[in-house]
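Going by the working numbering, the sequence shown opens with residue 1, and the numbers climb by one from there.
For reference, the structure discussed in these notes is given below.
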Amino acid sequence: MINLKNKKIAVLCGGWSSEREVSLNSGKAVYKAIKKLGLNAVLIDVNKNIAEKLKKEQTDIAYITLHGKPGEDGTIQGMLELMGIAYTGCGVFASSATIDKIVSKKMFEYAKIPTAKWTFIEKLKPFKEIEFPAVVKPASQGSAIGISIVKNKKEFEKAVKLAFKYEDRILVEKYIKGIEITAGVLNGKPLPVIEIVPKGKFYDYKSKYTVGQSAHIIPARLSGKILKKIQDIAVKVYNEFMCNGICRVDMIVDKNNNIYVLEVNTLPGMTKTSLFPDAAKAAGISFENLVLEILKSALKNEKK
Numbered sequence: 001m002i003n004l005k006n007k008k009i010a011v012l013c014g015g016w017s018s019e020r021e022v023s024l025n026s027g028k029a030v031y032k033a034i035k036k037l038g039l040n041a042v043l044i045d046v047n048k049n050i051a052e053k054l055k056k057e058q059t060d061i062a063y064i065t066l067h068g069k070p071g072e073d074g075t076i077q078g079m080l081e082l083m084g085i086a087y088t089g090c091g092v093f094a095s096s097a098t099i100d101k102i103v104s105k106k107m108f109e110y111a112k113i114p115t116a117k118w119t120f121i122e123k124l125k126p127f128k129e130i131e132f133p134a135v136v137k138p139a140s141q142g143s144a145i146g147i148s149i150v151k152n153k154k155e156f157e158k159a160v161k162l163a164f165k166y167e168d169r170i171l172v173e174k175y176i177k178g179i180e181i182t183a184g185v186l187n188g189k190p191l192p193v194i195e196i197v198p199k200g201k202f203y204d205y206k207s208k209y210t211v212g213q214s215a216h217i218i219p220a221r222l223s224g225k226i227l228k229k230i231q232d233i234a235v236k237v238y239n240e241f242m243c244n245g246i247c248r249v250d251m252i253v254d255k256n257n258n259i260y261v262l263e264v265n266t267l268p269g270m271t272k273t274s275l276f277p278d279a280a281k282a283a284g285i286s287f288e289n290l291v292l293e294i295l296k297s298a299l300k301n302e303k304k
């Protein structure tokens with residue numbers, strides 16, 4: 001706290017991605033928490049003039065609550081490094097590698113991190129025959145945007161059309177039936193594992209951000225041995241991707257207790273329905289103290 005008292009903290013939120021509204025809600029929640037901590041903060045809705053805004057505010061630390069591009073892909077992080085402004089969370093490499101689901105898959109396989117069978121499709125290019133059921137995802141969208149679960153060729157064609165609305169590269173992954181879980185890592189240490197039970201068919205945008213549309217069960221209804229294994233995998237992912245401060249690893253556990261990593265989120269939501277604050281709460285960390293812990297990652301970043 002002493003190191004933060006004399007710092008001007010800019011909470012960056014909004015932006016222009018498809019996750020803008022979620023980001024604004026995360027930003028407002030974090031801004032209120034920083035003010036409660038008695039620190040000097042300003043809330044900034046990010047646009048193309050963000051560098052000028054940061055200069056005008058004489059920013060010492062940027063607290064990033066942007067979701068999607070340009071905040072979650074390393075772009076903002078690179079700009080902040082050029083400006084000499086410390087920032088919370090993961091750096092350029094971790095951000096750019098984790099937002100791209102295809103790059104993430106390649107890294108999972110290289111690091112021997114368990115993940116479902118997969119392939120990818122590029123617009124206007126031939127691709128391998130798909131095995132059903134499958135999950136179709138745009139390569140770098142968050143919040144389950146553009147995702148479909150498909151059981152046949154007709155559904156697949158419709159899903160591909162939807163995913164291509166968002167970008168020109170698509171991840172196609174073998175569908176794994178099982179328990180959806182997520183494991184957060186805070187400053188290198190695992191948080192309690194959450195089991196996600198959506199009211200709908202899967203954990204989509206509505207389930208994520210509408211109060212009452214999904215249940216968060218903490219700890220997940222799995223054996224202590226499996227929960228420990230999940231946490232170990234989450235920490236391994238954090239280290240392999242060279243994360244800093246915070247990340248959330250989404251996984252699924254099948255009926256035989258096989259664990260599959262789905263994706264990595266370096267800027268988890270900080271809204272009232274978000275998973276990461278729930279996991280922290282289960283570990284005895286209040287929302288304000290969680291924000292303070294994440295701010296510590298910026299001080300570490302500042303020393304580099």
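Built from N, CA and C at the ideal position, the CB exists for glycine as well.
Practice task
Compute the distance between the beta-carbons of Ala86 and Pro192, then report whether it is under 8 Å.
Solution key: no
Exercise for the section: State yes or no: is the C-beta of Cys13 within less than 8 Å of the C-beta of Leu66? Expected result: yes
Practice task
Output the distance between the C-alpha atoms of Asp73 and Arg20, rounded to the nearest integer angstrom.
Solution key: 15 Å
Exercise for the section: Quick one: grab the DSSP three-state call for Ala10. Expected result: strand
Problem - Continuous alpha helix (DSSP H) stretch holding Gly224: start and end - result: 224-240
Exercise for the section: Look at the alpha carbon of Asn257 and the alpha carbon of Glu173, and state the distance between them as a whole number of angstroms. Expected result: 19 Å
Exercise for the section: Return the CA-CA distance between Ala97 and Pro219, expressed in angstroms with no decimal places. Expected result: 29 Å
Exercise for the section: Measure the CB-CB distance between Asn265 and Asp254 and report whether it falls below 8 Å. Expected result: no
Handout entry: Contacts around Ala41, its chain only, beta-carbon distance under 7 Å, and the 5 residues preceding and following it disregarded
Key = Ile9, Val11, Tyr31, Ile34, Lys35
Exercise for the section: Rounded to whole angstroms, what's the CA-CA distance from Lys128 to Ile170? Just pull it up for me. Expected result: 13 Å
Practice task
Reducing DSSP to helix, strand and coil, say where Glu195 ends up.
Solution key: strand
Handout entry: Segment contact, 8 Å Cβ cut-off, at least three pairs: the region 116-132 with the region 146-166
Key = yes
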